[in-house]
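Numbering (the numbering used here), first residue to last: 625 to 893. Ideal Cβ positions, reconstructed from N, Cα and C, are used throughout, including at glycine. As the structure is a computational prediction, the values presented were derived from the model and not from experiment. This report refers to the structure that appears directly beneath it.
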């Protein structure tokens, strides 16, 4: 096994951290393989951003899909039981399985964009022994402001979805904040309607399968509820602004939700 060549693979999510990592590693490891595990349920802005990154890297980003069916087929096989933080079958089947199949039994260094200011983060990644995690940001003590600087200096900037969303991932990701569901409603009403159709209610037992806890997307989109969600979000932002007294660096570090431990790393970095 030690005589095998070592592959270098960077799995992109379409988010700021994995993109900045690709920028960092482009010239360091010319033989790097760049992949994107495509659930086929991503935002249009994600695909557009990956296309731009592909031009910057000067190398094709391999798009991998799960051969056992798409999200809707998998959901039907699970009788409408939606994925959740407790049952992350979407990440396991649509992200990790295609990645592991692509690697096969080769020895692989997998480059992960966990930053130096979030070393506590844990998440859903492959545990196969031939896939060896590498953390260049931690080694180089790169933190969130550094990531934004790298993206700006490269000319790529950040994905357009960051105007209303704090992380990459499927348009119906269950880790979204309610204000992000509102953002989906306002920016992609067609995708919001599609996400609504995946929710189910058992009329006999009263059990509901909804993306957001204790609230269906139909209930969330009521204008009065939307207004409340926006007001609460604005209040939290004002509290952060007051807390850091205009220090934009600290606001940038703390004024989003990507520090949450529970996020799936292969989806959200």
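query, result
"Which one of 642, 631, 654, 665 has the shortest CA to CA distance from residue 819?", "665"
"Closer than 6 Å by C-beta to residue 783: which residues in its own chain qualify, once you throw out the five before and the five after it? Chain order, please.", "669, 673"
"Mapping the DSSP letters down to three states, classify residue 636 as helix, strand or coil.", "strand"
"For residue 688, which three-state DSSP category applies?", "strand"
"Tell me, to the nearest whole angstrom, how far the beta carbon of residue 776 is from that of residue 788; I am working on the premise that it is less than 8 Å.", "About 20 Å; that fails the 8 Å criterion."
"Just mark residue 722 as buried or exposed, buried being the case when its beta carbon has 16 or more other beta carbons within 10 Å.", "buried"
"Compare the Cα-Cα distances from residue 797 to each of 736, 709, 851 and report the closest residue.", "709"
"From residue 840 to residue 759, what distance separates their C-alpha atoms?", "38 Å"
"How many angstroms separate the CA atom of residue 845 from the CA atom of residue 834?", "13 Å"
"Within 10 angstroms of its Cβ, does residue 742 collect 16 or more other Cβ (buried), or is it exposed?", "buried"
"According to DSSP, is residue 872 helix, strand or coil?", "Confidence in residue 872 is poor, its pLDDT being 49 and thus under 50, which makes the residue's placement too unreliable to answer from."
"At what residues does the beta strand (DSSP E) containing residue 734 begin and finish?", "732-735"
"Using a threshold of 8 Å, state whether the C-beta atoms of residue 695 and residue 667 are closer than that.", "no"
"List, from N- to C-terminal side, the alpha helix (DSSP H) runs of 4 residues or more that fit wholly inside the segment 700-784.", "721-727, 760-763, 768-778"
"Between residue 639 and residue 689, what straight-line distance do the alpha-carbon atoms span, to the nearest angstrom?", "18 Å"
"What is the DSSP secondary structure of residue 866, counted as helix, strand or coil?", "helix"
"Among 755, 848, 735, which residue has its Cα nearest to the Cα of residue 641?", "735"
"Return the chain-ordered ranges of every beta strand (DSSP E) run that is complete within the segment 644-696 and spans a minimum of 3 residues.", "657-661, 685-688"
"Using the rule of at least 16 other Cβ atoms within 10 Å of the residue's Cβ for burial, across every protein chain shown, is residue 873 buried or exposed?", "Residue placement at residue 873 is flagged as unreliable, the pLDDT there being 42, under the threshold of 50; the coordinate-derived value follows with that caveat. Residue 873 comes out exposed."
"In the DSSP assignment, find the alpha helix (DSSP H) that holds residue 842 and state where it starts and stops.", "841-844"
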